[in-house]
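Peer 1: Taking this note's numbering, the leading residue of the sequence shown gets 249, the next gets one more, and so forth. The beta carbon of each residue, even a glycine, is placed where N, CA and C say it ideally should be. My questions all concern the structure below.
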Amino acid sequence: MRVDARSEGRKKVTGDDPRPGLGLRRVINAAGTMTALGASAAVPEAVAAAARILPWFVEIDDLQRAASEAIAIATGAEAGMVTASASAGISLAVAAAMTGADPARVEQLPETAGMVNGVVIQQGHRIDYGAPLDTAVRITGARIVSVGQATSAFRYQLQHALAEPTAAVVYVVSHHVAPYGQMPLAEVVEVCRAADVPLIVDAASEYDLAGFLAAGADLVVYSAHKFLGGLTAGIVAGRKDLVRAAYAQNRGLGRGMKVGKEAIAATIAALEAWSRRDHRAHQEREDAAVRLWAGRLEQVAGVTAEAVVDPTGNPITRLRVRLGPESGTSAWDLSDALASGPRPVVVRDDEVDLGYFELDPCNLRPGEAEEVADRIAAELLFARQRGTGATPLSEWRRQREAVRLRWPD
């Protein structure tokens, strides 16, 4: 028998920890529930549910019906469904608003002739969460109608936009949204109800599973694999007629976004586990990590550490680490240094342009808070000893983009 010469170097998934066999580094996640890091560590209940259902054939419609019941209990929705991801959930929700449950229209997308296809979004909500929100909307054939500017939107502007035939309004809850000048949810709900236009809320990374529907949203989209700790999946919850229409997309553009039985079962289990979780105890452990980090950094020259609350109201406190000239480095260089080596520490670095990064405690394993503090101290000492100063921000951005474009090399 001929053996492919490449097989000798083939990666293997074996043992309780498959990372060494795949050549993967053991990451310490101080960034949060980031897709690029695998989002979260799945809770044991979700892992067990996926493993139990994988060997069996099931009728997916019935499994999704069970998921709908679990989602309704958790969110207060009339109905719900599990999707391939939160991004897929946005696409299916937008498609549902255009087609209803009409199978001919479902099959017609992304061609929208004869349909109302305008989707209104505040300009400041047209964010990039790893991909543009615009893409998730436009892939359906919808036409985006912007309201306001990046840092300002007003009631009269939304009312003017909804005077034209409109399929839906999309409202985004995210730390990427400009933190000022946006129309609040309550005001958007009022305007949408007056115009009889469905409101879709993108709450992918939010703790609050019931508040957005209670506030008047028609559909809410969540991630199942971030704070919930399920397998990779999304959740669409809300009005039964719109959830039914979103589910109908599985016979159209949703076919390429289909979700497997293992993710559906894991989402049900994760929702049940979430309802039993001692959230206060989790928050106390997270706050202890933030206090440890702040104590280690408070006397370091050129470093300012400040505890900050989550900008969208999630019950998380993070540590903002700001680097000044005396530190011998920059926020972006220190972020890269921490992420290097066999035991990378990945920090929340989406705002390093402003001179700081943040440390997020919500995914730490026992002992990792101390490791993070030790690595920061070591990298700061090395930077001062090296004495080369900071890489120009423009050069750092160019280098980071070059790395992305070289994949898989």
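In this structure, does DSSP put Gln430 in helix, strand or coil?
Peer 2: Gln430 falls in the coil class under three-state DSSP.
Peer 1: Can you check DSSP and say which residues form a bridge with Met329?
Peer 2: DSSP lists Val484 as partners of Met329.
Peer 1: Express the C-alpha separation of Arg267 and Ser255 in angstroms, rounding to a whole number.
Peer 2: Here the model assigns Ser255 a pLDDT of 48, short of 50, so the residue's position is not dependable, and the following value carries that caveat. Those two C-alpha atoms are separated by around 18 Å.
Peer 1: So who's on the other strand from Asp264, going by DSSP bridges?
Peer 2: Looking at the DSSP assignment, Asp264 forms no beta bridge with any residue, so it has no partner.
Peer 1: Between the beta-carbon of Gln370 and the beta-carbon of Gln430, is there less than 9 Å?
Peer 2: Yes, the Cβ-Cβ distance between Gln370 and Gln430 is below 9 Å.
Peer 1: DSSP three-state call for Ser578: helix, strand or coil?
Peer 2: Three-state result, Ser578: coil.
Peer 1: Just the Cα atoms here: how many angstroms apart are Ser394 and Arg654?
Peer 2: Roughly 34 Å separates the two Cα atoms.
Peer 1: Would you mind stating whether Val418 and Val468 have Cβ atoms separated by less than 9 Å?
Peer 2: No, these two residues do not count as a Cβ contact at 9 Å.
Peer 1: Under a three-way DSSP split, which group does Asp598 fall into?
Peer 2: Looking at Asp598 - three-state DSSP - the assignment turns out to be coil, as it is neither helix nor strand.
Peer 1: Return the chain-ordered list of same chain residues with a C-beta closer than 8 Å to the C-beta of Ala315, the five sequence neighbours on each side being excluded.
Peer 2: Only Gly328, Met329, Val330, Ile512, Thr515, Ile516 meet the Cβ criterion.
Peer 1: What are the start and end residues of the alpha helix (DSSP H) that includes Gly337?
Peer 2: Start and end: 334–347.
Peer 1: According to DSSP, which residues form a beta bridge with Pro380?
Peer 2: Pro380 pairs with Asp376.
Peer 1: Looking only at C-alpha atoms, which of Arg645, Glu317, Gly543 sits nearest to Thr552?
Peer 2: Among Arg645, Glu317, Gly543, the Cα nearest to that of Thr552 belongs to Gly543.
Peer 1: Rounded to whole angstroms, what is the Cα-Cα separation between Gln547 and Ser422?
Peer 2: For Gln547 and Ser422, the distance between alpha carbons rounds to 33 Å.
Peer 1: Once the 5 residues before and after Ser578 are set aside, which same chain residues still bring their CB inside 6 Å of it?
Peer 2: Correct list, in chain order: Leu571, Ala638.
Peer 1: Let me know the secondary structure DSSP gives Val306 once reduced to three states.
Peer 2: Val306 falls in the coil class under three-state DSSP.
Peer 1: What residue ranges within the segment 583–639 form continuous beta strand (DSSP E) runs of no fewer than 3 residues, ordered along the chain?
Peer 2: List check, beta strand (DSSP E) in window: 593–595, 604–607.
Peer 1: Quick one: what's got a C-beta closer than 6 Å to Pro592's C-beta in the same chain, skipping five residues either side?
Peer 2: Around Pro592: Arg273, Val275.
Peer 1: Contact check, Ala416 vs Val367 under 8 Å by CB: the rounded distance?
Peer 2: That pair is a contact at about 5 Å.
Peer 1: With C-beta atoms as the reference, is Ala452 less than 9 Å away from Ala345?
Peer 2: Cβ atoms of Ala452 and Ala345: not closer than 9 Å.
Peer 1: Just curious, the beta strand (DSSP E) that Thr565 is in, first and last residue?
Peer 2: Segment 565–571, the beta strand (DSSP E) holding Thr565.
Peer 1: Within 10 angstroms of its Cβ, does Ala299 collect 16 or more other Cβ (buried), or is it exposed?
Peer 2: Label assigned to Ala299: exposed.
Peer 1: What's the call for Gln405, buried or exposed, on a 16-neighbour Cβ count within 10 Å?
Peer 2: When all chains shown are included, Gln405 counts as buried.
Peer 1: Note down, in chain order, each residue of its chain lying with its Cβ closer than 8 Å to the Cβ of Val437, except the 5 sequence neighbours on either side.
Peer 2: Taken in chain order, the residues that qualify are Leu447, Ala463, Gly464, Ala465.
Peer 1: Using only the alpha-carbon positions, how far apart do Asp745 and Ala278 sit?
Peer 2: Absent from the structure is residue 745, since the part of the chain shown begins at 249 and ends at 657.
Peer 1: Measure from the C-beta of Ala287 to each C-beta in chain B and report whether the shortest distance is under 9 Å.
Peer 2: Among the protein chains of the structure shown there is no chain B, as only one such chain exists.
Peer 1: Report the residue from Leu612, Glu435, Gln497 whose alpha carbon sits nearest the alpha carbon of Val354.
Peer 2: Comparing Cα-Cα distances from Val354 to each of Leu612, Glu435, Gln497, the minimum goes to Gln497.
Peer 1: Beta carbon of Ala434, beta carbon of Gln407: below 9 Å?
Peer 2: Cβ distance not < 9 Å, so Ala434 and Gln407 don't count as in contact.
Peer 1: Mind checking who Asn277 pairs with in its DSSP beta bridge?
Peer 2: Beta-bridge pairing links Asn277 to Val594.
Peer 1: Looking only at C-alpha atoms, which of Phe305, Ala361, Ala621, Phe475 sits nearest to Glu454?
Peer 2: Of the listed residues, the one whose Cα sits closest to Glu454 is Phe475.
Peer 1: In its own chain, which residues sit with a C-beta less than 6 Å from the C-beta of Arg632, not counting the 5 before and 5 after it?
Peer 2: Only Gly576 meet the Cβ criterion.
Peer 1: Can you grab the Cα-Cα spacing for the pair Glu643 / Val556, in whole Å?
Peer 2: Rounded to the nearest angstrom, the two C-alpha atoms are 29 Å apart.
Peer 1: Starting from Gln547 and walking both ways along the beta strand (DSSP E), at which residues does that stretch end?
Peer 2: No beta strand (DSSP E) contains Gln547, which DSSP labels as neither H nor E.
Peer 1: Among residues of its own chain, excluding the 5 on either side of Phe402, which ones have a beta-carbon nearer than 6 Å to its beta-carbon?
Peer 2: If we look at Phe402 and ignore the five residues flanking it on each side, it has no Cβ neighbours.
Peer 1: When you compare each of Arg613, Ala411, Ala458, Pro427 to Val439 by their alpha carbons, which one comes out closest?
Peer 2: When only C-alpha atoms are compared, the closest one is Ala411.
Peer 1: Find the nearest neighbour of Ser471 within the set Gly337, Thr399, Tyr428, judged by alpha-carbon distance.
Peer 2: The shortest C-alpha separation from Ser471 is found at Gly337.
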